[in-house]
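Note that the sequence shown covers residues 205 to 302 in our numbering.
Report on the following structure.
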Amino acid sequence: MDLTRNLKQALSTGKVIFGQRETMGACSKGDARLVLVAANCPEAFLSDIVDSHPGVPVHRVQMVNRQLGAACARPFSISALCIIDPGQSELMSLQHNI
């Protein structure tokens with residue numbers, strides 16, 4: 205799967221939110237369908253989100269936060285993002301790998 209292409213597809217046809225705080229909030233509200241984290245996302249955040257929201261799949265991508273930001277066409281680093289609505293992307297087929 206081409207992750208960059210699917211991220212852009214989700215951004216244009218679905219709903220994606222960026223950032224650790226916003227991702228945690230979406231998980232708490234029950235809106236999150238998938239959480240993607242950068243390869244260099246802090247372990248404290250990972251363990252916190254996995255422990256407090258075990259029903260939300262978390263996938264660690266092979267990109268560091270700067271690359272993930274660029275893949276989402278954003279001029280900033282992204283260490284975590286949350287898929288609320290995947291739109292026409294195939295992101296929901298990613299396996300839980302944390």
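Think of the CB as a built atom: it goes at the ideal place given N, C-alpha and C, for glycine as much as any other residue.
The C-alpha of residue 288 is placed about 17 Å away from the C-alpha of residue 208.
Per DSSP, residue 249 lies in no beta strand (DSSP E); the unbroken alpha helix (DSSP H) holding it starts and ends at 247 to 256.
Counting of Cβ neighbours within 10 angstroms places residue 224 among the buried residues, the total reaching 16 or more. Between residue 260 and residue 239, the C-beta spacing is below 7 Å. Taking residue 222 as the centre and dropping the five residues before and after it, the same chain places the C-beta of 282 and 285 closer than 6 Å to its C-beta, in chain order. By the CB criterion at 7 Å, residue 214 and residue 297 fall outside the cutoff.
Assigned with DSSP and collapsed to three states, residue 230 falls in helix.
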